[in-house]
Amino acid sequence: MTKTNTPNTKRREEGVAKLTVNPFLDADFYARMRDYTERDAAIIKELKAIAEIRAGNKQPDPRLAPSLAALRSTVKKGLNFGDMLDRIVAGKEKGLWEPWMSTFGIEIRSVNYGAGPRNACLVLDLAANAPAHTLFARAGVQNWRSLAADDCAVVRSEKATETTPLKVYAVFYLDPAAE
Numbered sequence: 000m001t002k003t004n005t006p007n008t009k010r011r012e013e014g015v016a017k018l019t020v021n022p023f024l025d026a027d028f029y030a031r032m033r034d035y036t037e038r039d040a041a042i043i044k045e046l047k048a049i050a051e052i053r054a055g056n057k058q059p060d061p062r063l064a065p066s067l068a069a070l071r072s073t074v075k076k077g078l079n080f081g082d083m084l085d086r087i088v089a090g091k092e093k094g095l096w097e098p099w100m101s102t103f104g105i106e107i108r109s110v111n112y113g114a115g116p117r118n119a120c121l122v123l124d125l126a127a128n129a130p131a132h133t134l135f136a137r138a139g140v141q142n143w144r145s146l147a148a149d150d151c152a153v154v155r156s157e158k159a160t161e162t163t164p165l166k167v168y169a170v171f172y173l174d175p176a177a178e
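In structure tokens:
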């Protein structure tokens, strides 16, 4: 007769260390890690840390989020990103909102086109092939995914399947300025 022992649950809990702070928020750590890690592996490590920590909810308004400062000064389609956000809040040029945002890798998931608050839900793609990556790389911000996840209201992820890659999004909410 064989006796089977189940491992002590207390020991299992001690062995698993959970992250409390995303280490990729530190630009020096990110640079050191990239020195010895391939690009795809580094992005996967960063996305795992983001998924474990979740959203920081520090500044969910994209007009004020420090992580999006590099985007706000970038000019595409004749306007910078900050002006585009201000025009969305003001309700001007409604037909151009989605093409404006798509150039930055941002999708408008919901928005109020009528009078009153926009209540826009803007979703920034954090994947390895995100359109925003080149814009942040030009500005010299390599750990932009972690910074955006720390500012956003919600981090959403869609698991990878055989046909689709892992998708991770940072959700920001755009409302008009208080009067």
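The sequence shown runs 0 to 178 under numbering that gives the first Met the number 0. Ideal Cβ placement from N, Cα and C applies to all residues, glycine included.
Same chain, Cβ closer than 6 Å to residue i, five either side skipped, listed in chain order
i           : result
glycine 55  : Asp149
tyrosine 29 : Phe23, Gln141, Asn142
Status (buried if at least 16 other CB within 10 Å, exposed otherwise) for residue i
i            : result
tyrosine 168 : buried
valine 154   : buried
glutamate 45 : buried
proline 164  : exposed
arginine 117 : buried
Beta bridge counterpart(s) of residue i as assigned by DSSP
i            : result
arginine 155 : Tyr168
valine 122   : Glu106, Val170
Chain-order list of residues whose beta-carbon lies under 8 Å from that of residue i (same chain, five-residue window excluded)
i           : result
glycine 115 : none
alanine 119 : Ile87, Ile107, Ser109, Val110, Asn111, Tyr172, Leu173, Asp174
proline 98  : Lys76
alanine 50  : Val154, Ser156, Val167
Nearest-angstrom Cβ-Cβ length linking residue i and residue j, presumed shorter than 8 Å
i            : j                 : result
valine 122   : arginine 108      : 5 Å
alanine 68   : phenylalanine 171 : Not quite, the Cβ-Cβ distance comes to about 13 Å (not below 8 Å), so this is no contact.
arginine 31  : alanine 41        : The Cβ separation is near 11 Å, so there is no contact.
aspartate 70 : alanine 131       : A quick correction: the sequence has leucine, not aspartate, at residue 70. That pair is a contact at about 7 Å.
Residue i: first and last residue of the uninterrupted alpha helix (DSSP H) it sits in
i             : result
glutamate 51  : 38-52
threonine 133 : 131-137
alanine 26    : 26-35
Cβ-based neighbour list, residue i, same chain, cut-off 7 Å, excluding 5 preceding and 5 following
i            : result
arginine 53  : Val154
threonine 73 : Asn79, Phe80, Leu134
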